[in-house]
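Residue 184 in the numbering used here sits at position 119 of the sequence shown, and the numbers go up by one each step. Only one structure is covered here, and it is reproduced in the block below.
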Amino acid sequence: VMKALPQAHLKISAKTVVKLLSLFALSLTIASAAGLFFKYFLGYDYVLGLVPQFDLNKENNIPTWYATVTLLLCSVLLAVIATEKRTAHDRYARHWSVLSLIFLLLSMDEAASIHELIETIGERAGLHAGMFSYFWLIPGTVFVLIFAISYLRFLFRLDPRTRYLFVAAGVVY
66 VMKALPQAHL KISAKTVVKL LSLFALSLTI ASAAGLFFKY FLGYDYVLGL VPQFDLNKEN
126 NIPTWYATVT LLLCSVLLAV IATEKRTAHD RYARHWSVLS LIFLLLSMDE AASIHELIET
186 IGERAGLHAG MFSYFWLIPG TVFVLIFAIS YLRFLFRLDP RTRYLFVAAG VVY
């Protein structure tokens, strides 16, 4: 006879998480600004490798890692919510699961620069001029429109504060 394992309860203060993530983001912003100062005002492009490692406009560096981890964390938290909603037989449980998958894909894109691959495909297809300079925006915009339309009912079923935070987060992102 197997004994049931005790349930683990993890309490995380949302305010503490926001403070920590904000502090880290502010630190990365300051480090990037310092790097830009060294690069453009003092003429040092590298400074022991620190300038490119903190450049917010570059890939494969510490800000990319931060974005990858935060998107992955969002995916995990959305998966936890989806599991709870499925257990409660909530009609929008699948929406939470899809959100979790989307954030997982965003995290993978951030880590592996997938949208740059789409950009390369656009260049090779001759679609890299004028308004097509950022070719990945075309499929991205189509995806966002389909997502927005299919999630409207879900969004309006959220409590007003959560709805506001979802919309604010989407606008900021």
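Where a beta carbon is used, it is the ideal one built from N, C-alpha and C, also for glycine. Everything numeric in this text was worked out from a predicted model, so none of it was measured.
- Fewer than three pairs of CB atoms, one per stretch, sit closer than 8 Å, so the stretch 141 to 150 makes no contact with the stretch 100 to 109.
- Assignment of residue 108 by DSSP, reduced to helix, strand and coil, places it in the coil class.
- Our two residues, residue 133 and residue 212, have alpha carbons roughly 21 Å apart in a direct line.
- In the pairwise beta carbon analysis, the stretch 87 to 95 is classified as not touching the stretch 107 to 116: fewer than three pairs are separated by under 8 Å.
- In this structure, residue 172 sits away from residue 147, with a CB-CB distance that is not shorter than 8 Å.
- Taking all protein chains shown into account, residue 118 has 16 or more neighbouring C-beta atoms within 10 Å of its C-beta and is therefore buried.
- With contacts defined as CB atoms closer than 8 Å, residue 220 and residue 231 qualify as a contacting pair.
- With at least 16 other beta carbons inside 10 angstroms of its own, residue 175 counts as buried.
- By the neighbour-count criterion, in which a residue is buried when 16 or more other Cβ atoms sit within 10 angstroms of its Cβ, residue 83 is exposed.
- In the structure shown, residue 95 adopts helical secondary structure according to DSSP, grouped into three states.
- Counting along the chain, residue 158 sits inside the alpha helix (DSSP H) bounded by residues 158 to 177.
- In the three-state DSSP reduction, residue 114 falls in the coil class, being neither helix nor strand.
- For residue 205, the uninterrupted alpha helix (DSSP H) run begins and ends at 202 to 222, by DSSP.
- Contact annotation: residue 160 and residue 216 have beta-carbon atoms nearer than 8 Å.
- Taking each of 235, 74, 229, 218 in turn and checking the Cα distance to residue 145, the smallest one comes out for 74.
- For residue 230, the enclosing alpha helix (DSSP H) covers residues 225 to 237.
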